[in-house]
Amino acid sequence: MSVLEQLLESGQVAKAKTAAEQALAKQPQDRSALVVLSKVLLMEGQLEQAEQYIARAEKLGATAETLLLRANVAAQRGQLEPAAGYYRQVIAQEPQRAEAHFGLGLELIKQNKTAEALAALEKAAQLQPQHPVFIYRLGQVRLEAGQTDKGIQAIAQSITLKPDFLAPYMALVQALVDQNRVVEARRVLAEGLRAIPNHPRLLAMLTAISLGMGDANTSYRAASTLAAQRPKDPQAQANLALLLVLRGQRQDALHLCRTMESLGLATADLKMIEATAHEADEPPAYEKAVAAYEEAMALEPSGWKAANNLGQLLMRWPAEPEQKHIPRAITVLEEAVRRKPDQAEPHLNLALAYTRTGDKAKAQAQAKAVLAANPPPHDDVREQAERLLKALG
30 MSVLEQLLES
40 GQVAKAKTAA
50 EQALAKQPQD
60 RSALVVLSKV
70 LLMEGQLEQA
80 EQYIARAEKL
90 GATAETLLLR
100 ANVAAQRGQL
110 EPAAGYYRQV
120 IAQEPQRAEA
130 HFGLGLELIK
140 QNKTAEALAA
150 LEKAAQLQPQ
160 HPVFIYRLGQ
170 VRLEAGQTDK
180 GIQAIAQSIT
190 LKPDFLAPYM
200 ALVQALVDQN
210 RVVEARRVLA
220 EGLRAIPNHP
230 RLLAMLTAIS
240 LGMGDANTSY
250 RAASTLAAQR
260 PKDPQAQANL
270 ALLLVLRGQR
280 QDALHLCRTM
290 ESLGLATADL
300 KMIEATAHEA
310 DEPPAYEKAV
320 AAYEEAMALE
330 PSGWKAANNL
340 GQLLMRWPAE
350 PEQKHIPRAI
360 TVLEEAVRRK
370 PDQAEPHLNL
380 ALAYTRTGDK
390 AKAQAQAKAV
400 LAANPPPHDD
410 VREQAERLLK
420 ALG
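In this text, residue positions in the sequence shown follow the working numbering: the first is 30, and each later residue adds one.
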């Protein structure tokens, strides 16, 4: 491996590029410099420039190296079959070239040729068992192929090989959550945060998982760290605001929401949290909560959650007469259904609203729409709809 290739291999891309350009200025037929500069340009997405240097290298004689470069160009252009063809040519010349097997596997998976892709990626991993990227991508494809345990095992192995490699942590956590192995998922996140301290993506996942497990303290610490790192990130601030409401720190949550609004960074999520904080007041500030939900609906014209939540709020708002807010609840719930017709929850709430007005036919139609949306068995929304249909007769 030349000095230029060593620089590139070690991640010193800028130095490698400069050194390759200097080498070519002295010796225009320096094959190593042509190859390294081509690789850098491909990393930068400058395909046309890269091809010029690849062509110059090919004039000195086509090799497995130049075929790999051609494969990279084709892959970046979405030319799946030509890219796979170049990788196969490399394998024919150098059967032990791990990166060719790896590249072929990636192209095959894009063509939904899962079995062939797995064989190619397994060969790459066999040839270079210490390469974390090869092992990680093998794990991902195993997961996609339904080989869950083997996929999880490979992704975990890639973390062992390179503890500061972010992508495997995220993939592994998601795979574990999908298997309802949330305790293990949280342990993986803790390991990730030790290896990559305070990484925003890992903190966000830890916030969500800890909250789902009922561990509000861990969730709050993670959300606070993330919000401090990203003071102008609406989602990070919304996560913290929600946890503040859950901790009973209503005024702190409202202050955070209003601060984001003053910066021109209000979002539907922040407005919905603001509405929750107003309803949590004693006594509940229903009018302010309604106004916040209406602003959330305006901020996200295609979103269904704010309209759904507003409809629910209107149905539980005490009033004289008792049905005073129900017509308005029906209006916003119909809007929620219009915005997301395949979402079961708004259909259920609209069915309940129609029941409150005595409109049995419309209530039945909406309850049936819940079942048509096919929520999972034993899902609370499904069970409520089934009970409602039974009660309506």
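Yeah, the Cβ is synthetic: ideal placement off N, Cα and C, and Gly gets one too.
Original post:
According to DSSP, is arginine 126 helix, strand or coil?
Top reply: Here the question's residue 126 lines up with position 97 in the sequence shown. It is coil, neither helix nor strand.
**OP:** Let me know the beta strand (DSSP E) ranges lying completely inside the stretch 83 to 156, each 3 residues or longer, listed in chain order.
**Re:** Within the stretch 83 to 156, no run of beta strand (DSSP E) at least 3 residues long lies entirely inside it.
Subject >> Nearest to asparagine 209 (by Cα), restricted to the options Leu232, Ala185, Ser187 and Gly241 >> reply: For this step, residue 209 is matched to residue 180 along the sequence shown. Of all alpha-carbon atoms in Leu232, Ala185, Ser187 and Gly241, the one lying nearest the alpha-carbon of asparagine 209 is that of Gly241.
Original post:
Would you call the CB atoms of leucine 33 and alanine 54 closer than 8 Å?
Top reply: Locating residue 33 in the sequence shown gives position 4, where the first residue counts as 1. Locating residue 54 in the sequence shown gives position 25, where the first residue counts as 1. Not in contact: leucine 33 and alanine 54 (Cβ atoms no closer than 8 Å).
Subject >> Contacts around valine 410, its chain only, beta-carbon distance under 7 Å, and the 5 residues preceding and following it disregarded >> reply: The sequence position of residue 410 within the sequence shown is 381, counting from 1. Shown here for valine 410: same chain residues with a beta carbon closer than 7 Å to its own, the five before and five after excluded, namely Ala373, Glu374, Leu377, Val399 and Pro404 in chain order.
**OP:** Determine the burial state of serine 331: buried for a count of at least 16 other Cβ atoms within 10 Å of its Cβ, exposed for fewer.
**Re:** Sequence index remark: in the sequence shown, residue 331 carries index 302 (1-based). Looking at its Cβ environment, which holds fewer than 16 other Cβ atoms inside 10 Å, serine 331 is exposed.
Original post:
To the nearest angstrom, how far is it from the Cα of isoleucine 164 to the Cα of serine 187?
Top reply: Along the sequence shown, one-based indexing puts residue 164 at 135. Along the sequence shown, one-based indexing puts residue 187 at 158. In a straight line, the C-alpha of isoleucine 164 is about 6 Å away from that of serine 187.
Subject >> arginine 216 classed as buried or exposed, judged by whether at least 16 other C-beta atoms fall within 10 angstroms >> reply: The residue labelled residue 216 in the question sits at position 187 within the sequence shown. Arginine 216 comes out exposed.
Original post:
With DSSP run on the structure shown, which of helix, strand or coil describes methionine 242?
Top reply: Residue numbering aside, residue 242 sits at position 213 when the sequence shown is read from its first letter. The answer is coil: DSSP assigns methionine 242 none of H, G, I, E or B.
**OP:** Scan the stretch 294 to 330 and note each continuous alpha helix (DSSP H) run of 4 residues or more that stays entirely inside, going in chain order.
**Re:** Scanning the stretch 294 to 330 from its first residue to its last, the whole alpha helix (DSSP H) runs of 4-plus residues come out as 297 to 308 and 315 to 328.
Original post:
Just to confirm, are leucine 96 and tyrosine 115 a CB contact at a threshold of 8 Å?
Top reply: Looking up residue 96 in the sequence shown gives position 67. Looking up residue 115 in the sequence shown gives position 86. Leucine 96 is a Cβ neighbour of tyrosine 115, given a cutoff of 8 Å.
Original post:
Would alanine 348 be called buried (16 or more neighbouring beta carbons within 10 Å of its own) or exposed?
Top reply: Counted from its first residue, the sequence shown places residue 348 at position 319. With fewer than 16 Cβ atoms within 10 Å of its Cβ, alanine 348 is classed as exposed.
**OP:** Assess, as a yes-or-no matter, whether the stretch 272 to 283 is touched by the stretch 317 to 333 under the definition of 3 or more beta carbon pairs within less than 8 Å.
**Re:** The way I'd put it, the stretch 317 to 333 doesn't touch the stretch 272 to 283; fewer than three beta-carbon pairs between them come closer than 8 Å.
Original post:
Are the beta-carbon atoms of asparagine 337 and alanine 365 separated by less than 8 Å?
Top reply: In the sequence shown, the residue the question calls residue 337 occupies position 308. In the sequence shown, the residue the question calls residue 365 occupies position 336. Yes.
Subject >> Cutoff 7 Å; reference arginine 126; Cβ partners in own chain excluding five residues on either side >> reply: By 1-based counting over the sequence shown, the position of residue 126 is 97. Excluding sequence positions up to five before and after arginine 126, its CB lies within less than 7 Å of the CB of Ala93, Val119 and Ile120, all in the same chain and listed in chain order.
Original post:
How about leucine 299 and glutamine 266: are their beta carbons less than 8 Å apart?
Top reply: Taking the first residue of the sequence shown as position 1, residue 299 is located at position 270. Taking the first residue of the sequence shown as position 1, residue 266 is located at position 237. The criterion of a C-beta distance shorter than 8 Å is satisfied by leucine 299 and glutamine 266.
Original post:
From this set, Ala402, Leu70, Ser39 and Ala327, which residue's C-alpha is nearest lysine 369's C-alpha?
Top reply: For the purposes of this step, residue 369 is identified with residue 340 of the sequence shown, where counting begins at 1. Each of Ala402, Leu70, Ser39 and Ala327 was checked against the Cα of lysine 369, and the nearest Cα belongs to Ala402.
**OP:** Could you tell me whether the Cβ atoms of alanine 392 and alanine 380 are closer together than 8 Å?
**Re:** By one-based count along the sequence shown, residue 392 stands at place 363. By one-based count along the sequence shown, residue 380 stands at place 351. With a cutoff of 8 Å on beta-carbon distance, alanine 392 and alanine 380 are scored as near each other.
**OP:** Look at the alpha carbon of alanine 86 and the alpha carbon of valine 65, and state the distance between them as a whole number of angstroms.
**Re:** In the sequence shown, counting from the first residue as 1, residue 86 sits at position 57. In the sequence shown, counting from the first residue as 1, residue 65 sits at position 36. Taken atom to atom, the span from the alpha-carbon of alanine 86 to that of valine 65 is near 10 Å.
**OP:** Count the other C-beta atoms from every protein chain shown that fall within 10 angstroms of the C-beta of glutamate 128, then say buried if there are 16 or more, exposed otherwise.
**Re:** Taking the sequence shown and counting its residues from 1, one reaches residue 128 at position 99. Burial call: buried.
Subject >> 6 Å Cβ shell around alanine 256 - same chain, five flanking residues per side excluded >> reply: As a working mapping, residue 256 is identified with position 227 in the sequence shown. Contacts found: Ala265, Gln266 and Leu269.
Subject >> Outcome for histidine 407 when other beta-carbon atoms lying within 10 angstroms are tallied against a minimum of 16 >> reply: On the sequence shown, position 378 is the one that residue 407 refers to. Classification of histidine 407: exposed, given that the 10 Å Cβ count is below 16.
**OP:** Name the residue from Ala325, Glu329, Met289 and Gly277 whose alpha carbon lies nearest to the alpha carbon of alanine 306.
**Re:** Translated into the one-based positions of the sequence shown, residue 306 becomes position 277. With distances taken between Cα atoms, alanine 306 lies closest to Gly277.
Subject >> Nearest neighbour of alanine 153, chosen from Arg106, Glu123, Glu38 and Leu418 [CA to CA] >> reply: By 1-based counting over the sequence shown, the position of residue 153 is 124. Checked all of Arg106, Glu123, Glu38 and Leu418; the closest Cα to alanine 153 is Glu123.
Original post:
Which residue comes first and which comes last in the alpha helix (DSSP H) that contains alanine 398?
Top reply: Locating residue 398 in the sequence shown gives position 369, counting from the first residue. Element bounds for alanine 398: 389 to 401.
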